[in-house]
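A.B. asks: In mature numbering (1 follows the signal peptide of the UniProt record, and there is no 0), the protein residues as written are -23 to -1, 1 to 299.
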Amino acid sequence: MMQARFSRWGFAVLASLPFAAVAADPKPWQLNMGRGVTTSSQHAYDAHMLALIICVVIGVIVFGAMAYAMFKFRHSRGAVPDSGFTHSTRLEIVWTVVPIILLVIMAVPATAKLIAMYDTRESEMTVKVTGIQWMWKYEYLGEDVELTSRLDRESDRIRQSGERPDAATSPHYLLDVDNALVLPTDTKIRFVITADDVIHAWWVPALGWKQDAIPGIINEAWTEILEPGVYRGQCAELCGKDHGFMPIVVRAVPRAEFDTWLAARKAEGEPPADPSQVPEGGDGTAPRSVDPDMIEDVQQGDEPAAPQAPEAAAPADASSAG
Ligand SMILES: [Cu+2]
């Protein structure tokens, strides 16, 4: 039992080490933070590694000196406490100045990178992200393209069925959506982030940041994805009963592929990817008009109840009433 646990731990440690530096998405038993796939995530990783190395070196020196002193000057070998020693001015200067130098070494690059993380100037495109209970809406500003992104049908079926999800058959359980946010690589993309109802937070670890989505407030962030791939995240602010069921999927593709996708998306006039997944009136253009019960019906696989039909006596006003 003990040995099995030890070997499992040992294996996990060994298995996570080679991947720690390259993994975009977290791996089981991953020990270190991921390096991510954006300039800012890699800056954060570099700052973290610098601090980690400094901490390890300090730890080795301090605990090494302690162990050496305890062993070398032990009582059984006749060591006598130095009762006359109170302080050493030279030592006190050294252990004050050395940490200051180390802090400056860490703070200067960290501050520069932190400032760069918040500099959204010279971005090539803007995506508006809106958190809605319990989905995300993405608008490619100036392109007249928008989409809503919500938990994929398969994850939803598993969670409703009470089935125990299996990592082998459903590797992305609760981490898949119907419509991924498609973004170009090697492009500075600005995000403006807000919410429609309660506070949510948009978080894709591989991008290296997390930003609150607050009703009535527009937060900003930016990213420049360096490698094509699929990057997953989740809402990171407790936003209601289905907080755990509004994942985020970013599909990063080369610029040319993105341009083709965007053109196709514009041409098709943005119908939902799978109409069966979206309740009537819930195509993302008017989320507030969707009755929450209707969404729940659809999520549970039921046919949504038909919306109240407008009075037959007043057909002319029905279209402007919404
Ligand atoms: Cu949430």
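The beta-carbon is built from N, C-alpha and C at its ideal position, and this holds for glycine as well.
Roughly how many angstroms separate the alpha carbons of Thr63 and Leu8, rounded to a whole number?
C.D. replies: Here residue 63 corresponds to residue number 86 of the sequence shown, with the count starting at 1. Here residue 8 corresponds to residue number 31 of the sequence shown, with the count starting at 1. Answer to the nearest angstrom: the Cα atoms are 42 Å apart.
A.B. asks: Please report how far the alpha carbon of Val159 lies from the alpha carbon of Tyr22, in whole angstroms.
C.D. replies: On the sequence shown, residue 159 is found 182 positions in, with the first residue counted as 1. On the sequence shown, residue 22 is found 45 positions in, with the first residue counted as 1. Each residue's Cα considered, the two are about 25 Å apart.
A.B. asks: Name, in chain order, the residues that DSSP records as bridge partners for Lys90.
C.D. replies: To locate residue 90, count along the sequence shown from 1; it is residue 113. Bridge partners of Lys90: none, in fact.
A.B. asks: Roughly how many angstroms separate the alpha carbons of Ser100 and Met94, rounded to a whole number?
C.D. replies: Taking the sequence shown and counting its residues from 1, the one referred to as residue 100 is at position 123. Taking the sequence shown and counting its residues from 1, the one referred to as residue 94 is at position 117. Cα to Cα, the separation comes out at about 12 Å.
A.B. asks: To the nearest angstrom, how far is it from the Cα of Glu201 to the Cα of Lys165?
C.D. replies: The sequence position of residue 201 within the sequence shown is 224, counting from 1. The sequence position of residue 165 within the sequence shown is 188, counting from 1. For Glu201 and Lys165, the distance between alpha carbons rounds to 5 Å.
A.B. asks: Which same chain residues end up closer than 7 Å to Tyr150 when comparing Cβ atoms and leaving out the 5 residues on each side of it in sequence?
C.D. replies: Here the question's residue 150 lines up with position 173 in the sequence shown. Within the same chain, Tyr150 has close Cβ partners Ser132, Ile135 and Pro142.
A.B. asks: Flag Ala240 as yes when its Cβ comes closer than 8 Å to any non-hydrogen atom of ligand 1, and as no otherwise.
C.D. replies: As a position in the sequence shown, residue 240 is number 263, starting the count at 1. Ala240 Cβ: outside cutoff for every heavy atom of ligand 1.
A.B. asks: Tell whether a beta-carbon distance below 9 Å holds between Leu215 and Glu120.
C.D. replies: In the sequence shown, residue 215 corresponds to position 238, counting from 1. In the sequence shown, residue 120 corresponds to position 143, counting from 1. Against a cut-off of 9 Å, the Cβ pair of Glu120 and Leu215 comes out as no contact.
A.B. asks: Which same chain residues, not among the five before or five after Thr162, have their C-beta less than 6 Å away from its C-beta?
C.D. replies: By 1-based counting over the sequence shown, the position of residue 162 is 185. Around Thr162: Ile202, Pro205, Ala229 and Pro231.
A.B. asks: Could you say which of Pro224, Ala183, Ala190 and His52 lies nearest to Val19 if we only look at CA atoms?
C.D. replies: Sequence index remark: in the sequence shown, residue 19 carries index 42 (1-based). Inspection of the sequence shows that residue 19 is occupied by Gln rather than by Val. The candidate whose alpha carbon is nearest that of Gln19 is Ala183.
A.B. asks: Can Thr107 and Ala172 be called in contact, C-beta distance under 9 Å?
C.D. replies: Working through the sequence shown from its first residue, we reach residue 107 at position 130. Working through the sequence shown from its first residue, we reach residue 172 at position 195. Cβ distance < 9 Å, so Thr107 and Ala172 count as in contact.
A.B. asks: Within the present structure, is the beta-carbon of Gly217 separated from the nearest heavy atom of ligand 1 by less than 8 Å?
C.D. replies: Start at 1 with the first residue of the sequence shown, and residue 217 comes out as number 240. Under cutoff, so the answer is yes.
A.B. asks: Just checking Met223 against ligand 1 - is the residue's beta carbon closer than 8 Å to any of the ligand's heavy atoms?
C.D. replies: Walking along the sequence shown from the start, residue 223 turns up at place 246. Correct: Met223 has its Cβ closer than 8 Å to ligand 1.
A.B. asks: Could you tell me the distance, in whole angstroms, from the CA atom of Gly55 to the CA atom of Ile35?
C.D. replies: Numbered from 1 along the sequence shown, position 78 holds the residue referred to as residue 55. Numbered from 1 along the sequence shown, position 58 holds the residue referred to as residue 35. Those two C-alpha atoms are separated by around 30 Å.
A.B. asks: Is Glu236 buried or exposed, if buried means 16 or more other CB atoms sit within 10 Å of its CB?
C.D. replies: Position 259 of the sequence shown, counted from the first residue, corresponds to residue 236. Reading off the sequence shown, one finds Asp at residue 236, where the question assumed Glu. By the neighbour-count rule (16 or more Cβ atoms within 10 Å), Asp236 is not buried but exposed.
A.B. asks: Among Gly13, Ala244 and Ile170, which one has its Cα closest to the Cα of Ile191?
C.D. replies: If you number the sequence shown from 1, residue 191 lands on position 214. Of the candidates Gly13, Ala244 and Ile170, the one whose C-alpha sits nearest the C-alpha of Ile191 is Ile170.
A.B. asks: Which residues does DSSP list as the beta-bridge partners of Val104?
C.D. replies: By one-based count along the sequence shown, residue 104 stands at place 127. Partner(s): Tyr117 and Phe168.
A.B. asks: Going by the DSSP bridge assignment, what does Glu123 pair with across the sheet?
C.D. replies: Numbered from 1 along the sequence shown, position 146 holds the residue referred to as residue 123. Answer is Glu116.
A.B. asks: Within 10 angstroms of its Cβ, does Ala89 collect 16 or more other Cβ (buried), or is it exposed?
C.D. replies: Start at 1 with the first residue of the sequence shown, and residue 89 comes out as number 112. Exposed is the call here.
A.B. asks: Quick check on this structure: which residue in Met102, Gly210, Ile176 and Met43 has the alpha carbon closest to the alpha carbon of Gly185?
C.D. replies: Looking up residue 185 in the sequence shown gives position 208. Gly185 has its Cα closest to that of Gly210, out of Met102, Gly210, Ile176 and Met43.
A.B. asks: Around the Cβ of Ile194, are there at least 16 other Cβ atoms within 10 angstroms (buried) or fewer (exposed)?
C.D. replies: Here residue 194 corresponds to residue number 217 of the sequence shown, with the count starting at 1. It counts as exposed.
A.B. asks: From Gly11 to Leu27, what does the alpha carbon distance come to, in whole angstroms?
C.D. replies: For the purposes of this step, residue 11 is taken as residue 34 along the sequence shown, with counting starting at 1. For the purposes of this step, residue 27 is taken as residue 50 along the sequence shown, with counting starting at 1. Distance between the alpha carbons of Gly11 and Leu27 is about 15 Å.
A.B. asks: Return the residue from the list Arg127, Tyr45 and Arg167 that minimises the CA-CA distance to His220.
C.D. replies: Within the sequence shown, numbered from 1, the residue matching residue 220 stands at position 243. Taking only the C-alpha atoms, the option nearest His220 is Arg127.
A.B. asks: Quick check: what's the CA-CA separation for Lys243 versus Tyr115?
C.D. replies: For the purposes of this step, residue 243 is taken as the residue at position 266 of the sequence shown. For the purposes of this step, residue 115 is taken as the residue at position 138 of the sequence shown. Taking the straight line from one Cα to the other gives about 14 Å.
A.B. asks: Report the option in Ser53, Val175 and Val85 whose CA atom is closest to the CA atom of Ala111.
C.D. replies: Taking the sequence shown and counting its residues from 1, one reaches residue 111 at position 134. It should be noted that the sequence gives Trp, not Ala, for residue 111. Per the Cα distances, Val175.
A.B. asks: Measuring CB to CB, does Ala157 end up less than 9 Å from Val207?
C.D. replies: Here the question's residue 157 lines up with position 180 in the sequence shown. Here the question's residue 207 lines up with position 230 in the sequence shown. Closer than 9 Å, so yes.
A.B. asks: Look up Arg51 in the DSSP assignment and say whether it is helix, strand or coil.
C.D. replies: Here residue 51 refers to the residue found at position 74 when the sequence shown is read from its first residue. Here Arg51 sits in coil by DSSP.
A.B. asks: Under the assumption that Pro224 contacts Asp153 (Cβ atoms under 8 Å), give the Cβ distance between them as a whole number of angstroms.
C.D. replies: As a first step, residue 224 must be located in the sequence shown, where it is residue number 247. As a first step, residue 153 must be located in the sequence shown, where it is residue number 176. Their Cβ separation, rounded to whole angstroms, is 7 Å, which keeps Pro224 and Asp153 in contact under 8 Å.
A.B. asks: To the nearest whole angstrom, what separates the beta carbons of Glu197 and Phe168, a pair I think is in contact under 8 Å?
C.D. replies: Taking the first residue of the sequence shown as position 1, residue 197 is located at position 220. Taking the first residue of the sequence shown as position 1, residue 168 is located at position 191. Glu197 to Phe168, Cβ: 7 Å. Contact.
A.B. asks: When the distance is taken between beta carbons, is Ile31 closer than 9 Å to Ile77?
C.D. replies: In the sequence shown, residue 77 corresponds to position 100, counting from 1. In the sequence shown, residue 31 corresponds to position 54, counting from 1. In this structure, Ile31 does not lie closer than 9 Å to Ile77 by Cβ.
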